[in-house]
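A quick write-up on the structure given underneath.
In the numbering used here, the protein residues as written are 27 to 430.
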């Protein structure tokens with residue numbers, strides 16, 4: 027088949043050609059970048075927190091009244107919670123992973139260092155933390171009971187001498203080395219902290235934080251005034267039962283406080299990633315709408331051209347063109363239009379990605395997104411034009427003798 031006659035015919039309908047080409051170009055640019063954003067969001071939502079989320083939950087306690095004794099309350103709460111049927115272990119904690127609120131600080135490798143090497147999330151816990159959260163110890167040891175302190179003043183800048191850090195933080199601070207036994211500083215004019223253990227993973231509370239995998243466990247119970255939280259790990263399959271029991275028992279043993287924020291870690295995850303999930307759904311809807319509009323545009327253009335060229339098609343049929351020849355003509359014509367739009371769309375796709383990188387610190391679009399987009403839109407174009415092209419191929423030769 028000669029391509030030149032097809033191009034010549036297209037040049038006589040420049041407006042329609044430009045409109046469809048621009049539509050295809052915009053569709054490619056938006057769909058490729060939207061799919062990339064969706065893949066990033068899915069990867070982000072699938073990140074493990076490091077906890078046994080299926081069996082753990084948090085419960086908060088907020089005391090009130092001048093006579094409220096925080097230390098005694100924490101001791102009673104821990105004894106009560108650990109004695110409940112179905113409870114595997116419990117730890118006090120300031121905040122939980124994925125909770126979007128917490129404590130962070132900078133880490134210095136030298137005492138006189140002016141700029142922090144990196145930042146870390148801080149979790150104040152006791153010796154039950156690893157088992158209560160389901161965190162896996164990768165190296166070193168756990169805290170001992172005699173290493174756990176109680177600090178009633180949350181503004182105190184003093185730090186215990188030993189810490190447990192995540193593997194990601196250990197690699198950042200001491201790349202290629204065994205972090206156990208190494209020291210760093212959590213503040214100026216402070217004694218060093220010694221790493222006694224490394225856990226596989228424990229995410230920070232802030233899901234969009236660059237250092238989300240950098241967490242440090244501090245062997246200290248440090249309530250925020252009269253506010254304290256506990257992470258409770260239930261035996262497999264008994265979490266919901268234990269949640270109700272824990273809330274009821276804590277309310278019974280001390281009437282001078284509010285028991286609140288009783289939430290499973292699965293719910294904490296769902297709430298933490300709610301915006302990412304919403305964006306994923308919205309972008310999927312946008313992609314479907316764009317592809318549908320593009321397909322309808324191709325169908326409409328092809329149908330218009332079939333109607334406009336009915337007599338010409340009949341003449342070609344009368345001169346010996348087969349139904350397949352007519353079908354192939356329209357499929358080829360659509361392929362050329364789509365290719366022109368895709369060529370412009372490729373440039374637009376990367377330009378859009380550069381804009382996202384500049385303004386939103388988005389990563390670079392992988393090279394294979396554009397070729398895959400080409401294949402998808404070529405296929406979509408051929409499917410969309412198939413109906414009008416088939417109708418054109420069925421135009422009888424006798425039409426050439428009629429007046430249009």
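Backbone N, C-alpha and C fix where the C-beta goes; we use that ideal spot for every residue, glycine too.
Thinking just about the alpha-carbon of each residue, which of 409, 354, 144 and 192 is nearest to the one in residue 236? It is 144 whose Cα lies nearest to the Cα of residue 236.
Rounded separation between residue 224 and residue 134 - CA only: So the two alpha carbons sit approximately 18 Å from each other.
With H, G and I counted as helix, E and B as strand and the rest as coil, what does DSSP make of residue 265? Residue 265: helix per DSSP, three-state reduction.
With residue 406 and residue 317 assumed to form a contact (beta carbons below 8 Å), what rounded beta-carbon distance in angstroms separates them? Confirmed, about 6 Å.
According to DSSP, residue 256 sits in a beta bridge with which residue or residues? Note: residue 256 sits in a beta bridge opposite 85 and 118.
On the three-state DSSP scale, how would you describe residue 379? Three-state result, residue 379: helix.
So the candidates are 62, 113 and 109; which of them puts its Cα closest to the Cα of residue 262? Cα-wise, what sits closest to residue 262 is 113.
Which runs of the alpha helix (DSSP H) at least 4 residues long sit entirely within the segment 166-203? Give them in chain order. Entirely contained in the segment 166-203, the alpha helix (DSSP H) runs reaching 4 residues are, in chain order, 193-199.
Alpha helix (DSSP H) segment containing residue 306, residue limits: Residues 300-334.
Does the contact criterion of 3 or more C-beta pairs under 8 Å hold for the segment 107-123 versus the segment 248-264? Contact between the segment 107-123 and the segment 248-264 is established, with three or more Cβ pairs separated by less than 8 Å.
Within 8 Å (strictly less), CB to CB, does residue 205 reach chain D? Among the protein chains of the structure shown there is no chain D, as only one such chain exists.
C-alpha gap between residue 414 and residue 226, whole angstroms: Distance between the alpha carbons of residue 414 and residue 226: 59 Å.
When DSSP labels each residue in this structure, what does residue 217 get in the three-state scheme? Reduced to three states, the DSSP call for residue 217 is coil.
Report yes if the CB atom of residue 174 is closer than 8 Å to the CB atom of residue 246, and no otherwise. In this structure, residue 246 lies closer than 8 Å to residue 174 by Cβ.
Would you mind working out which of 394, 361 and 360 sits nearest residue 375, comparing C-alpha positions? The shortest C-alpha to C-alpha distance from residue 375 to any of 394, 361 and 360 is the one to 394.
In three-state terms, what does DSSP make of residue 232? Residue 232 falls in the coil class under three-state DSSP.
Distance between residue 267 and residue 396 (C-alpha atoms, nearest Å): Going by the C-alpha atoms only, they are around 50 Å apart.
Using only the alpha-carbon positions, how far apart do residue 63 and residue 306 sit? Taking the straight line from one Cα to the other gives about 8 Å.
Between the C-alpha atoms of residue 165 and residue 206, what's the straight-line distance to the nearest angstrom? Residue 165 and residue 206: Cα-Cα distance of roughly 7 Å.
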